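A.B. asks: One structure is given below, represented as structure tokens, and several questions about it will come after.
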Amino acid sequence: MRSTIGKTVAAFAVLASSVSFAHAGDVEVLHWWTSGGEAAALNVLKQDLEKQGIGWQDMPVAGGGGTQAMTVLRARVTSGNAPTAVQMLGFDITDWAKEGALANLNDVASAEGWDDVVPGALQKFSKYDGQWVAAPVNVHSTNWVWANKAILDELGIAQPTTWDELVAAMQAVKDAGKVAVAHGGQAWQDATVFDAVAMATGGPEFYQKAFIDLDPDTLGSDTMKEAFDRMAVIRSFVDDNFSGRDWNLASAMVINGEAAFQFMGDWAKGEFLNAGKAPGEDFLCFRFPGTQDQVTFNSDQFALFKQGDTPSDEQAALAKAIMSPTFQSAFNVVKGSVPARVDVPDADFDACGKQGMKDLAAASSSGNLFGSMAHGHANPASIKNAMYDVITAHFNGEYDSETAVSELVSAVELAQ
Ligand code: BGC
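In the working numbering, the protein residues as written are 207 to 622.
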């Protein structure tokens with residue numbers, strides 16, 4: 207008798223370790239928003255839901271760009287224990303939708319009129335086979351520079367607008383004994399810089415052909431070699447301790463006046479704001495020199511894993527809350543991103559946010575809006591990761607630019 211109870215308890219313990227106990231009325235949210243600025247933005251969402259009586263079960267998986275989060279997600283789904291809601295990027299949403307894993311959000315989307323307010327570039331990922339499968343919470347873009355204003359003022363450096371001006375500015379900072387570029391040596395961060403550098407080097411048509419169309423000639427072109435050469439130049443302005451550094455610690459170097467520039471998506475602004483810094487006074491935000499007219503974007507969306515034939519009440523409430531215009535303003539003001547709907551006023555946004563909204567609208571209407579290679583909006587994860595490997599090997603000096611170009615061509619071919 208005793209041993210039967212013992213076995214039952216043991217079996218229950220095993221079950222308990224593999225099953226999450228989200229209560230009815232709770233949502234369990236898997237995400238990678240673990241930095242100070244990201245957590246502040248996440249709180250806006252948590253509080254919004256709490257007001258509606260929906261509890262929050264946090265499932266944070268650190269790692270910018272979400273690679274680790276996606277690995278944990280796969281393990282959770284494989285063990286039959288999918289979280290209720292998951293932060294996801296671009297082609298990852300499509301991949302999960304293809305597997306039939308995502309809840310259909312058409313009812314809430316049509317009741318709330320999402321079709322009319324979400325830009326087509328985002329709908330491409332929010333919908334699969336004509337059905338809504340994710341709710342976009344923001345639009346980020348990767349081709350930004352974050353600069354310490356005091357350092358620039360002290361050294362008489364004007365905001366660089368071309369590659370040559372940027373190189374001269376980095377050199378002046380280095381000569382003054384400061385770190386020119388704050389960077390973290392992690393594959394997704396290297397790729398984020400490459401997004402901007404490749405766009406600046408080759409322009410929009412090159413970016414489209416190389417990263418979105420995967421044209422082998424463009425991937426293997428002299429222009430691609432030049433982009434890699436420029437990455438090597440940037441590498442020479444990064445400090446020796448960059449390896450493995452988290453992106454928010456790189457932001458902190460600019461915030462603290464240790465470094466002049468960070469090339470990073472606009473989630474970096476969340477770190478500056480969280481540290482009490484103001485745009486235009488303490489820091490500057492501007493487009494990576496040579497990409498003033500382009501936007502390489504990524505959008506965080508929440509995909510809801512199927513729990514039955516229709517989304518649960520909590521899932522529907524979460525989706526509705528995420529898409530509310532007042533929430534989109536409040537959240538994105540803190541996150542550094544801009545709203546995922548076109549009808550949200552820019553009144554509450556700071557100068558960088560206002561510029562982000564203006565740039566997005568302009569790039570969208572002039573055909574200069576492109577999905578970010580580094581953040582899963584140009585190609586599925588298999589191809590993205592193949593590109594990451596080459597970009598990082600080159601950044602770390604394992605490949606020269608010529609080798610990187612030919613490795614890129616073959617890695618992309620193999621990954622397809
Ligand atoms: C996400 C951002 C996030 C950043 C760093 C990006 O992929 O879109 O929301 O802040 O990674 O973690």
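No residue lacks a Cβ here, since even glycine has one placed at the ideal position from N, Cα and C. Since the structure is predicted, the reported quantities are computational estimates derived from the model, not experimental observations.
Beta carbon of Lys590, beta carbon of Glu318: below 8 Å?
C.D. replies: The residue you call residue 590 lines up with position 384 of the sequence shown. The residue you call residue 318 lines up with position 112 of the sequence shown. Contact flag unset, no.
A.B. asks: Would you say Glu244 and Gly476 are within 8 Å of each other, going by their C-beta atoms?
C.D. replies: Position 38 of the sequence shown, counted from the start, is the residue given in the question as residue 244. Position 270 of the sequence shown, counted from the start, is the residue given in the question as residue 476. Taking 8 Å as the Cβ cut-off, Glu244 and Gly476 qualify as a contacting pair.
A.B. asks: In terms of DSSP beta bridges, what is Cys558 paired with?
C.D. replies: Against the sequence shown, residue 558 aligns to sequence position 352. Answer is none; Cys558 lacks a bridge partner.
A.B. asks: Mind checking whether Phe434 and His600 have CB atoms under 8 Å apart?
C.D. replies: On the sequence shown, position 228 is the one that residue 434 refers to. On the sequence shown, position 394 is the one that residue 600 refers to. Yes; because the gap between Cβ atoms is below 8 Å, this pair is in contact.
A.B. asks: Kindly examine the ligand BGC and report whether one of its heavy atoms sits closer than 7 Å to the Cβ of His581.
C.D. replies: As a first step, residue 581 must be located in the sequence shown, where it is residue number 375. Distances taken from the Cβ of His581 to the heavy atoms of the ligand BGC include one shorter than 7 Å.
A.B. asks: Can you tell me the Cα-Cα spacing of Thr632 and Ala617, whole angstroms?
C.D. replies: Missing from the structure shown is residue 632; the chain here goes from 207 to 622 and no further.
A.B. asks: Does the stretch 565-585 come close enough to the stretch 291-307 to have 3 or more Cβ pairs within less than 8 Å?
C.D. replies: yes
A.B. asks: Consult DSSP for Gly577 and reduce its assignment to one of helix, strand or coil.
C.D. replies: Walking along the sequence shown from the start, residue 577 turns up at place 371. Three-state result, Gly577: strand.
A.B. asks: DSSP state of Trp369, grouped into three classes?
C.D. replies: Along the sequence shown, read from residue 1 onward, the residue named residue 369 stands at position 163. When DSSP states are grouped into helix, strand and coil, Trp369 belongs to the helix group.
A.B. asks: Buried or exposed for Gly450, please, with buried defined as at least 16 other CB atoms from any protein chain shown within 10 angstroms of its CB.
C.D. replies: The residue you call residue 450 lines up with position 244 of the sequence shown. Burial check for Gly450: the Cβ neighbour count within 10 Å stays below 16, so the residue is exposed.
A.B. asks: Reducing DSSP to helix, strand and coil, say where Gln507 ends up.
C.D. replies: Here residue 507 corresponds to residue number 301 of the sequence shown, with the count starting at 1. Three-state result, Gln507: strand.
A.B. asks: Judging by CA-CA distance, which residue of Val615, Phe576, Gln622, Ile597 is the nearest neighbour of Pro325?
C.D. replies: Position 119 of the sequence shown, counted from the first residue, corresponds to residue 325. For Pro325, the nearest C-alpha among the options comes from Phe576.
A.B. asks: Taking the alpha helix (DSSP H) that Lys591 falls in, what are its first and last residues?
C.D. replies: Here residue 591 corresponds to residue number 385 of the sequence shown, with the count starting at 1. A small correction: the amino acid at residue 591 is Asn; Lys does not occupy that position in the sequence shown. That run of the alpha helix (DSSP H) goes 587-601.
A.B. asks: Can Lys483 and Phe492 be called in contact, C-beta distance under 8 Å?
C.D. replies: Within the sequence shown, residue 483 is the residue found at index 277, counting from 1. Within the sequence shown, residue 492 is the residue found at index 286, counting from 1. In this structure, Lys483 lies away from Phe492, with their beta-carbon atoms at least 8 Å apart.
A.B. asks: Buried or exposed for Glu619, going by 16 or more other Cβ atoms inside 10 Å?
C.D. replies: Sequence index remark: in the sequence shown, residue 619 carries index 413 (1-based). The residue in question, Glu619, is exposed, as its Cβ has fewer than 16 Cβ neighbours within 10 Å.
A.B. asks: Could you tell me whether the stretch 251-269 touches the stretch 231-240, using the rule of 3 or more Cβ pairs below 8 Å?
C.D. replies: yes
A.B. asks: Is DSSP giving Asn344 helix, strand or coil here?
C.D. replies: Within the sequence shown, numbered from 1, the residue matching residue 344 stands at position 138. Three-state DSSP puts Asn344 in coil, outside helix and strand.
A.B. asks: Following a CB-centred definition, is Trp350 positioned closer than 7 Å to any heavy atom of the ligand BGC?
C.D. replies: As a position in the sequence shown, residue 350 is number 144, starting the count at 1. Flag unset: Cβ of Trp350 not near the ligand BGC.
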